[in-house]
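Enquirer: To start, I am sharing the structure in question, which I have written as structure tokens.
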Amino acid sequence: MRRDIALGIYRNLALSAWFYSSRVCRMMGACLRPSPSRLIIAMLRPLKGNAMPRRTPIVCKCWLLLATIYIFAAPCRVLMAVEVAGKRPNIILVMTDDQGMGDLSCLGNPILRTPNLDHFYALSTRFTDFHVSPTCAPTRSSIMSGRHEFRNGVTHTINERERMALATTTLPQLLQNTGYATGIFGKWHLGDEDAYQPYNRGFSEVFIHGAGGIGQAYPGSCADFPPNRENKYFDIVALHNDTIVQTSGFCTDVFFQAALGWIKQCHDADQPFFAYLPTNAPHGPMIAPKRSAQRFLDLGYDNATAGRYGMIENIDDNFGLLMRKLDEWQMWEDTLVIFMTDNGQSDLQGRQNGQPVPLYTAGFKSGKGSPYEGGTHVPAFWRWKGVLGEGVDIDKLTAHIDLFDTFCALTGAEVSDTTQKRDGRSLAPLLEDPNADWPDREIFVHRGRWPQMDDPNDHKFDACAVRTEKWRFVNNRELYDIEADPYEKQNVANDHPDVVARLREAYDKWWSETVPLMVNEGAPFSPTHPQAERYNLQLREMGIPDWQPLPF
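Here the sequence shown is numbered in this note's numbering, starting from 9 and rising by one per residue.
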């Protein structure tokens, strides 16, 4: 028994010696490193019976190497940290719609196949406690502004309450000011009226559909171009800068094509850029290319589940194309690539062989629109080759509101005194050192979506939450210890009245400061759909030209 234990200990020590010595050798540029088999054999050869090993030269060297590494490893990690502020990388932000933590095979989904995102995950620094808003337009508003969506007037996804306040200084405006080209490809969803459009909010290249989803139309200004109400997801029309164009193919493919052509153009011109690629997929309706959905139909899933899962695998295909192009163009060393999603998982149940079946949710009990963890906790994978660590997990509480100050820090963009007060903080310290001090914080969540013309104060505690590193206080009555109970199975509010009182007080203060900034409450509906008017006018005057994608 003692010998088995000793064998295990020495085997692990030998492997550790090989692993760390390999890392050290690579750091120092050495071309030789010890063989793991040689180390194991050498360390175990002297082990006879219950005797301790003899101090052979190679064993002594192994022990000396281990001791040296364990003494100096932590300081070396600090010394080798790369300062990221002002390095001015290109930034590619891919954000999918309604895809949750359970919608990736690298996070445990047993049905989906997402090999490209799985590979990207393995190469990335991952923020494992990263949060967004419970629904889509709010998340987009927070990324663009660095503050809670309600403080931009975004309290809904429709009804004129999806429009980001015109007083808000946007992230792409600041990036443009510092010499970046800025492009958006996919879903904007922060206002369809001209003043709210992305070309007036800091984007130099625009390729988008209208409204919050392809083919959607609601009372007021929020509505997509008329043809997309019939041709959903295939052969859509899209706004390319100042011209509506006719595309060919599946929408996600088209958005990636547009982004890749523009990225290559920027790369060839040696122009730093911010490429924002917010896909509308896998938002409903659940429509995917036949080649992507067929496998799930063959497994007996219903059309909606097959369509949704097919959209996710199609996203993976396109992300793989993006990765291959960045390889081909040798851009990884000066490009930060981020994959994230805009809210929690939209579908928690499907049907298989005619019977209801739960879909994989990575353990979360809720999804999109929920004030619980499943509504806001999303994937966030960051890769910047040679700068960020590969396979590194950062478990600090972080959020979408942090992207504004982070990107400004990385690019050297100046945030003036006239820029709105932000709720986020720069992630640069964590990118430089995943173990950096990160003070606890309070992140406020509210689903919004109260009925039009209602007083927001009547809905203060509807679907709301306060999140700290340890706690999640939900709906003004439930408290969960996230560190011990990440899937919120046990309400411990009665056991911690002091925590409940503290978080309730913080929420009250936040709410009172936020309500005056909800500038879209009570806004009258637009009598027309601006994107429909734009389409009909162009159709009469010049027609709708076919889109000619840039080569890549």
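Where is the CB? At the ideal position from N, CA and C, for every residue including glycine.
Can you check DSSP and say which residues form a bridge with H217?
Expert: K195
Enquirer: Confirm, please, whether the CB-CB distance from F263 to F211 is below 8 Å.
Expert: no
Enquirer: Mapping DSSP to helix, strand and coil, what is V345?
Expert: strand
Enquirer: Around the C-beta of L47, are 16 or more other C-beta atoms found within 10 angstroms, so that it is buried, or is it exposed?
Expert: Residue placement at L47 cannot be trusted, given a pLDDT of 37 that sits under 50; the coordinates are not used to answer.
Enquirer: With a threshold of 7 Å on Cβ separation, who are the neighbours of V86 within its own chain once the five nearest residues in sequence on each side are excluded?
Expert: Because V86 sits at a pLDDT of 35, beneath the cut-off of 50, its placement in the model cannot be relied upon, and the following sentence gives the value as read from the coordinates. Around V86: D441.
Enquirer: Could you say if the region 368 to 380 and the region 481 to 498 meet the contact criterion of at least three C-beta pairs nearer than 8 Å?
Expert: yes
Enquirer: Give the range of the beta strand (DSSP E) segment to which N98 is assigned.
Expert: N98 to T104
Enquirer: Which full runs of the beta strand (DSSP E) of 3+ residues lie inside the region 460 to 495, going along the chain?
Expert: Listed in chain order, the complete beta strand (DSSP E) runs (minimum 3 residues) inside the region 460 to 495 are 472 to 475, 479 to 482 and 486 to 489.
Enquirer: Roughly how many angstroms separate the alpha carbons of F560 and N117, rounded to a whole number?
Expert: Their Cα atoms are separated by approximately 32 Å.
Enquirer: Please classify R332: does DSSP put it in a helix, a strand, or coil?
Expert: Helix, per DSSP.
Enquirer: Using 8 Å as the threshold, is the C-beta distance between E157 and G228 below it?
Expert: no
Enquirer: Using a Cβ-Cβ cutoff of less than 7 Å, which residues in the same chain neighbour A173 once the five nearest sequence positions on both sides are dropped?
Expert: N160, G161 and V527
Enquirer: Please work out which residues of its chain come closer than 6 Å, Cβ to Cβ, to I151, disregarding the five sequence neighbours upstream and downstream, and give them in chain order.
Expert: H408 and L411
Enquirer: Assign R316 to one of three DSSP states: helix, strand, or coil.
Expert: helix
Enquirer: Along the chain, where does the alpha helix (DSSP H) that runs through Q546 open and close?
Expert: Per DSSP, the unbroken alpha helix (DSSP H) holding Q546 starts and ends at P538 to E549.
Enquirer: Here's the rule: buried if 16 or more other CB atoms are within 10 angstroms of the residue's CB, otherwise exposed. What is A471?
Expert: buried
Enquirer: Excluding sequence positions up to five away, which residues of its chain have a Cβ less than 8 Å from the Cβ of A145?
Expert: If we look at A145 and ignore the five residues flanking it on each side, its Cβ neighbours are E157, V162, H164, T165, E170, H197, L198 and G220.
Enquirer: Could you name each continuous alpha helix (DSSP H) segment of 4 residues or more that falls completely within the region 230 to 301, going from the start of the chain to the end?
Expert: 259 to 276
Enquirer: Quick one: using the 10 Å Cβ neighbour count with 16 as the cut-off for buried, is F533 buried or exposed?
Expert: Residue burial annotation: F533 is exposed, with fewer than 16 other C-beta atoms found within 10 angstroms of its C-beta.
Enquirer: If you reduce the DSSP assignment to three classes, tell me which class P364 lands in.
Expert: strand
Enquirer: Based on DSSP bridge pairs, tell me the residues matched to G161.
Expert: In the DSSP output, where bridge partners are listed per residue, G161 has none listed.
Enquirer: With DSSP as the reference, label Q498 as helix, strand or coil.
Expert: coil
Enquirer: Quick check: the Cα distance between G257 and K240, rounded to an integer number of angstroms?
Expert: Cα-Cα distance, rounded: 11 Å.
Enquirer: Return the CA-CA distance between A444 and I402, expressed in angstroms with no decimal places.
Expert: 10 Å
Enquirer: Would you mind working out which of N185, D335 and A531 sits nearest Q460, comparing C-alpha positions?
Expert: A531
Enquirer: State yes or no: is the C-beta of P464 within less than 8 Å of the C-beta of E529?
Expert: Taking a C-beta distance under 8 Å as the contact criterion, P464 and E529 qualify as a contact pair.
Enquirer: Would you list, in sequence order, the uninterrupted beta strand (DSSP E) runs of no fewer than 3 residues that lie entirely inside the region 371 to 432?
Expert: 388 to 391 and 400 to 402
Enquirer: Any chance the region 346 to 362 sits against the region 302 to 309, with 3 or more Cβ pairs inside 8 Å?
Expert: yes
Enquirer: On a Cα-Cα basis, can you pick out the residue from L438, Y488 and P123 that is closest to K404?
Expert: L438
Enquirer: Pairs of beta-carbons, one from the region 381 to 394 and one from the region 128 to 139, closer than 8 Å: are there three or more?
Expert: yes
Enquirer: Tell me which residues share the same chain as L435 and place their Cβ nearer than 7 Å to its Cβ, disregarding the 5 neighbours each side in the sequence.
Expert: Here L435 has T406, D410 and T414 as same chain residues with Cβ atoms under 7 Å from its own Cβ, once five neighbours each way along the sequence are excluded.
Enquirer: Quick check: is any heavy atom of the ligand ATP less than 7 Å from the C-beta of R159?
Expert: As for the ligand ATP, it is missing from this structure, which has no ligand bound.
Enquirer: Would you mind working out which of Q254, L179 and T147 sits nearest P557, comparing C-alpha positions?
Expert: When C-alpha distances from P557 are compared across Q254, L179 and T147, the shortest belongs to Q254.
Enquirer: Just curious, the beta strand (DSSP E) that F211 is in, first and last residue?
Expert: Following the DSSP letters along the chain, one finds F211 in no beta strand (DSSP E), marked with neither H nor E.
Enquirer: Give me, in chain order, the residues of the same chain whose beta-carbon lies closer than 8 Å to that of N185; leave out the 5 immediate sequence neighbours on both sides.
Expert: A421 and E422
Enquirer: Mark M319 as exposed unless 16 or more other C-beta atoms lie within 10 angstroms of its C-beta, in which case mark it buried.
Expert: buried
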